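Notes follow the structure.
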Amino acid sequence: VINPDEAYYSTYNTVTNRTYLNKLKGSEAVIVDYVVADGASSKNNLQR
Numbered sequence: 001v002i003n004p005d006e007a008y009y010s011t012y013n014t015v016t017n018r019t020y021l022n023k024l025k026g027s028e029a030v031i032v033d034y035v036v037a038d039g040a041s042s043k044n045n046l047q048r
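Take 1 as the starting number for the sequence shown in full-length UniProt numbering and just add one per residue.
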């Protein structure tokens with residue numbers, strides 16, 4: 001369960017070494033039923 005104003009995904013910038021959290025907008029909680037890690041190849045960092 002993800003409640004409003006909680007982080008639901010983040011991105012990492014390898015150039016600036018900064019992590020950006022993206023929060024859930026709206027007023028209702030959501031239920032997560034599927035999660036996948038996206039990776040292009042073993043040469044690059046894993047996209048999460």
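Yeah, the Cβ is synthetic: ideal placement off N, Cα and C, and Gly gets one too.
Bear in mind the structure is a predicted one, so any value in this text is a computation, not a measurement.
Can you find the residues in the same chain that come closer than 6 Å, C-beta to C-beta, to residue i, ignoring five residues on each side of it along the sequence?
i   : result
A21 : It is worth fixing the name first, because residue 21 is Leu in this sequence and not Ala. Only A7, S10 meet the Cβ criterion.
So, under 8 Å CB-CB, residue i and residue j are touching, yes? Tell me the CB distance rounded to an integer number of Å.
i   : j   : result
V32 : L24 : At roughly 10 Å, the Cβ-Cβ gap does not stay under 8 Å, so V32 and L24 are not in contact.
DSSP three-state label for residue i, please.
i          : result
V30        : strand
residue 51 : An answer regarding residue 51 cannot be provided, because it is not within the stretch 1 to 48 covered by the chain.
L21        : strand
Q14        : Reading the sequence as shown, one finds Thr at residue 14 and not Gln. If DSSP states are grouped into helix, strand and coil, T14 belongs with coil.
Which same chain residues, not among the five before or five after residue i, have their C-beta less than 8 Å away from its C-beta?
i   : result
R18 : Y12
Pick from the options: whose alpha carbon is nearest that of residue i?
i  : options            : result
N3 : Y34, V35, A37, S27 : S27
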